[in-house]
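Peer 1: So the sequences go chain by chain: A and B. Positions in the first sequence are counted from 1; adding 153 to them yields this note's numbering. Positions in the second sequence are counted from 1; adding 153 to them yields this note's numbering. Below: one structure in structure tokens.
Number of protein chains: 2
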Amino acid sequence: MIYDLIIIGSGAAGLAAALYAGRYKMTTLVIAGEFGGETATAGTIENYPAIASIDGYDFMKTMKDQALSLGVKLADGRVDSIQKEGSAFKLSTKEETFEGKTVILAFGSRRRHLNLPNEKELTGKGVHYCWTCDGPLYGGKTVAMVGGGDSSVKGVNFLGEYAQKIYLIAKGKEILAEPINLDQMKKLGDKVEVLTETEVTTIVGDKMLEKLVLSKSYQGSSDLKVDGLFIEIGFDPDTSLPKQLGLKLDEKNYIIVDNKMRTNVSRVFAAGDATNHFGSFKQDITAAAMGAVAATSAYEYKNQSKT
Amino acid sequence: MIYDLIIIGSGAAGLAAALYAGRYKMTTLVIAGEFGGETATAGTIENYPAIASIDGYDFMKTMKDQALSLGVKLADGRVDSIQKEGSAFKLSTKEETFEGKTVILAFGSRRRHLNLPNEKELTGKGVHYCWTCDGPLYGGKTVAMVGGGDSSVKGVNFLGEYAQKIYLIAKGKEILAEPINLDQMKKLGDKVEVLTETEVTTIVGDKMLEKLVLSKSYQGSSDLKVDGLFIEIGFDPDTSLPKQLGLKLDEKNYIIVDNKMRTNVSRVFAAGDATNHFGSFKQDITAAAMGAVAATSAYEYKNQSKT
Chain A
154 MIYDLIIIGS GAAGLAAALY AGRYKMTTLV IAGEFGGETA TAGTIENYPA
204 IASIDGYDFM KTMKDQALSL GVKLADGRVD SIQKEGSAFK LSTKEETFEG
254 KTVILAFGSR RRHLNLPNEK ELTGKGVHYC WTCDGPLYGG KTVAMVGGGD
304 SSVKGVNFLG EYAQKIYLIA KGKEILAEPI NLDQMKKLGD KVEVLTETEV
354 TTIVGDKMLE KLVLSKSYQG SSDLKVDGLF IEIGFDPDTS LPKQLGLKLD
404 EKNYIIVDNK MRTNVSRVFA AGDATNHFGS FKQDITAAAM GAVAATSAYE
454 YKNQSKT
Chain B
154 MIYDLIIIGS GAAGLAAALY AGRYKMTTLV IAGEFGGETA TAGTIENYPA
204 IASIDGYDFM KTMKDQALSL GVKLADGRVD SIQKEGSAFK LSTKEETFEG
254 KTVILAFGSR RRHLNLPNEK ELTGKGVHYC WTCDGPLYGG KTVAMVGGGD
304 SSVKGVNFLG EYAQKIYLIA KGKEILAEPI NLDQMKKLGD KVEVLTETEV
354 TTIVGDKMLE KLVLSKSYQG SSDLKVDGLF IEIGFDPDTS LPKQLGLKLD
404 EKNYIIVDNK MRTNVSRVFA AGDATNHFGS FKQDITAAAM GAVAATSAYE
454 YKNQSKT
């Protein structure tokens, strides 16, 4: 069969698109390698409007159930190739090929990880990638931020409202951030220690993060006891499928979309962290909204093509 | 005191902005005439990603509690005047005057009502203003759509996927809609009856909508038995405050914002249905996302102004 819509990705953007597409009665397939995107493993969510507090996995599970209850189909796998063939797109995973009249790219943008042992196991248990989301958990606590760019400094400034002590750990000789953000960080005074030319070599903890081991001693010890670790070392948006389709990307490889989540290629829409739409502000609420908008645009296309 | 941020409106956009602002530790005040915006009285919500089903009132109550728990203040009242005075904005209701360094306009866009007896009482109980939201409740049922423009025809086409019979009731001699949407409506065949030069004069029902009385008989009777009534006769965005501030509006009086929800006036942001951002697609999920973005932009301004 040829689906009305194929969605790549099952994070907040992909599954919100699936919810709306299901309600529009479009035949819809969601293809995803890993269920629930970044959100499913990120721990407790407390900044999603109208849900006081929910585990990321449960959050994505509810979205999945919403889509399934509307007849949306799910397929496992990573889409390796996508081609326009006449009036349909052909999408292939290692095992299968699917066809759809319209496509929504909602595969997110993978945050860079340190790739250390324990990092994955302790994610949401002391290790975090989203300070906007999880910073408020560390009121009065000691935290570390790994990163040397503007986002990590913005993160330190945000954490400054909550934590009592913040270590900014940077690989390079200096922190490269906007002067305005560096100035604000300076105003936090003793609360912030900047450790340059330093890397985290080990993440220690059994069920919860206990401490870090650093590549360079700080105050006579390479052990650094922290309650929380925030990793803010950038994103790697996947460019393979956008390039196969000839999509326009911005300078950071995010897909350029308009306010209707349309890309420069007809019948190809994009939503969520893979796009440039809300800049560096990448949240579940914005991803879900973009997904809803993208599905609506795909539905509008479907109606036009009927006539 | 001078608030870091004053938000006008307590619908999904306003309270999502309050949630984010609270997490940014901005001193924040929400001023609203009517709690919860359109959503609070619109009945069951089944198209908000990650919430399977919730009453509109409970939905807005959760958002309100989220904001309150973060220290956000709420004030009752309608803001009649807003003026920039030096580095702050002065906002006045009938009773009080408040000052804020930044402002988010999230006062929505009031849907036009028929202004008939029973209309308010039966809202969510057979009477609806949002077919995208509530259309799926009418699988196999008979519904009426009041309106004569493009949105009402799009609504009929959407309802065509669910309802078994749809009456499109229009005041004028003809339906003014995009040809493509009219063509699609024609394809629904007998399922749709278009009643022109006809008005709904009475909404009949005790606890649930029972029937409509029409200004002109249809098949020998002015009574029309329907299970659901959708009213799609346009919106009236409030232009008073935008005009006082000198904001740029689009041709339909929606506030023009960029992707960061900035208006043309510094330190004034807008979010939700009052804006043009996602065009005619006006949903809780998009309003909430815009609120979160607007609060983030206000927070960025606050940080800049500190230095």
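No residue lacks a Cβ here, since even glycine has one placed at the ideal position from N, Cα and C.
Could you give the DSSP three-state label for B/Ile204: helix, strand or coil?
Peer 2: Walking along the second sequence from the start, residue 204 of chain B turns up at place 51. Under the three-state reduction of DSSP output, B/Ile204 falls in the strand class.
Peer 1: Within 8 Å (strictly less), CB to CB, does A/Thr215 reach chain B?
Peer 2: Locating residue 215 of chain A in the first sequence gives position 62, counting from the first residue. So yes, A/Thr215 belongs to the interface.
Peer 1: At a cut of 8 Å, does the region 311-330 of chain A reach the region 436-446 of chain B through at least three beta carbon pairs?
Peer 2: As far as the Cβ criterion goes, the region 311-330 of chain A does not touch the region 436-446 of chain B, which means the pair count is below three.
Peer 1: Going along the region 392-420 of chain B in order, which residues come within less than 8 Å of chain A, judged by CB to CB distance?
Peer 2: Asn412, Lys413
Peer 1: Below 8 Å on the Cβ atoms is my contact criterion, and I expect B/Thr181 with B/Met213 to pass it. Report the Cβ-Cβ distance as a whole number of Å.
Peer 2: Against the second sequence, residue 181 of chain B aligns to sequence position 28. Against the second sequence, residue 213 of chain B aligns to sequence position 60. That belief does not hold up - the Cβ atoms of B/Thr181 and B/Met213 are roughly 17 Å apart, past 8 Å.
Peer 1: Please confirm whether B/Gln317 has its beta-carbon closer than 8 Å to some beta-carbon of chain D.
Peer 2: The chain inventory of the structure shown lacks chain D, comprising the protein chains A and B.
Peer 1: For B/Ala205, which of A/Arg420, A/Gln219, A/Thr285, A/Lys294 has the nearest alpha-carbon?
Peer 2: Here residue 205 of chain B refers to the residue found at position 52 of the second sequence. Minimum Cα distance to B/Ala205 is reached at A/Gln219.
Peer 1: Is B/Ala195 near the ligand GTP, going by C-beta to nearest heavy atom under 7 Å?
Peer 2: In the structure on display, the ligand GTP does not appear, and there are no ligands present to speak of.
Peer 1: On the DSSP letters alone, give me the boundaries of the alpha helix (DSSP H) that A/Ala165 sits inside.
Peer 2: The count along the first sequence starts at 1 and reaches residue 165 of chain A at position 12. Per DSSP, A/Ala165 belongs to the alpha helix (DSSP H) from 165-176.
Peer 1: Assuming A/Gly432 and B/Asn412 form a contact by the criterion Cβ under 8 Å, report the distance between their Cβ atoms to the nearest whole angstrom.
Peer 2: Along the first sequence, one-based indexing puts residue 432 of chain A at 279. Along the second sequence, one-based indexing puts residue 412 of chain B at 259. Confirmed, about 7 Å.
Peer 1: When you compare each of A/Leu348, A/Gln436, A/Thr295, A/Phe383 to A/Ser489 by their alpha carbons, which one comes out closest?
Peer 2: What the structure shows of chain A is the stretch from 154 to 460, and residue 489 of chain A is not part of that stretch, so it cannot be assessed.
Peer 1: Compute the Euclidean distance between the alpha carbons of A/Thr246 and A/Leu258, then round it to the nearest angstrom.
Peer 2: Reading the first sequence from its first residue, position 93 is the one you call residue 246 of chain A. Reading the first sequence from its first residue, position 105 is the one you call residue 258 of chain A. Between A/Thr246 and A/Leu258, the C-alpha separation is close to 15 Å.
Peer 1: For a contact meaning CB atoms closer than 8 Å, what does A/Ile438 contact in chain B?
Peer 2: Locating residue 438 of chain A in the first sequence gives position 285, counting from the first residue. Residues of chain B passing the Cβ test: Ala169, Ile438, Ala441, Ala442, Ala445.
Peer 1: Using a Cβ-Cβ distance cut-off of 8 Å, determine whether B/Gln457 contacts chain A.
Peer 2: Reading the second sequence from its first residue, position 304 is the one you call residue 457 of chain B. For B/Gln457, a Cβ of chain A is located within less than 8 Å of the residue's own Cβ.
Peer 1: From which residue to which residue does the beta strand (DSSP E) around B/Ile160 run?
Peer 2: The residue you call residue 160 of chain B lines up with position 7 of the second sequence. Counting along the chain, the beta strand (DSSP E) containing B/Ile160 begins and ends at 155-161.
Peer 1: Determine, for B/Ala448, whether the minimum Cβ-Cβ distance to residues of chain A falls below 8 Å.
Peer 2: Within the second sequence, numbered from 1, the residue matching residue 448 of chain B stands at position 295. No, B/Ala448 lies away from the interface with chain A (no Cβ there is under 8 Å from its Cβ).
Peer 1: Assuming B/Phe356 contacts B/Asn429 under a Cβ cut-off of 8 Å, what Cβ separation, rounded to an integer in Å, is found between them?
Peer 2: In the second sequence, counting from the first residue as 1, residue 356 of chain B sits at position 203. In the second sequence, counting from the first residue as 1, residue 429 of chain B sits at position 276. One point to set straight first is that residue 356 of chain B is Ile, not Phe, in the sequence displayed. The pair is not a contact, with the Cβ atoms about 32 Å apart (cut-off 8 Å).
Peer 1: To the nearest angstrom, report how far apart B/Asp157 and B/Tyr454 are at their CA atoms.
Peer 2: Within the second sequence, the letter at position 4 stands for residue 157 of chain B. Within the second sequence, the letter at position 301 stands for residue 454 of chain B. Cα to Cα, the separation comes out at about 10 Å.
Peer 1: Using a cut-off of 9 Å between C-beta atoms, extract the partners of B/His430 located in chain A.
Peer 2: Working through the second sequence from its first residue, we reach residue 430 of chain B at position 277. By Cβ distance, chain A contributes Asn412.
Peer 1: Within the region 262-344 of chain B, note down every full beta strand (DSSP E) run reaching 3 residues or more, in order along the chain.
Peer 2: Within the region 262-344 of chain B, complete beta strand (DSSP E) segments of at least 3 residues are found at 295-299, 318-322, given in chain order.
Peer 1: Whole alpha helix (DSSP H) runs in the region 199-246 of chain B with 4 or more residues, listed along the chain?
Peer 2: 209-222
Peer 1: Would you mind telling me which residues of chain B sit closer than 7 Å to A/Lys178, beta carbon to beta carbon, in chain order?
Peer 2: Locating residue 178 of chain A in the first sequence gives position 25, where the first residue counts as 1. The answer, in chain order, is Glu314.
Peer 1: Under a three-way DSSP split, which group does B/Ala424 fall into?
Peer 2: Numbered from 1 along the second sequence, position 271 holds the residue referred to as residue 424 of chain B. Coil.
Peer 1: Report the option in B/Gly186, B/Lys435, B/Asp211 whose CA atom is closest to the CA atom of B/Ala228.
Peer 2: Sequence index remark: in the second sequence, residue 228 of chain B carries index 75 (1-based). B/Ala228 has its Cα closest to that of B/Gly186, out of B/Gly186, B/Lys435, B/Asp211.
Peer 1: So is A/Asp208 in contact with chain B if we call contact Cβ pairs under 8 Å?
Peer 2: Working through the first sequence from its first residue, we reach residue 208 of chain A at position 55. With 8 Å as the cut-off, A/Asp208 does not count as an interface residue toward chain B.
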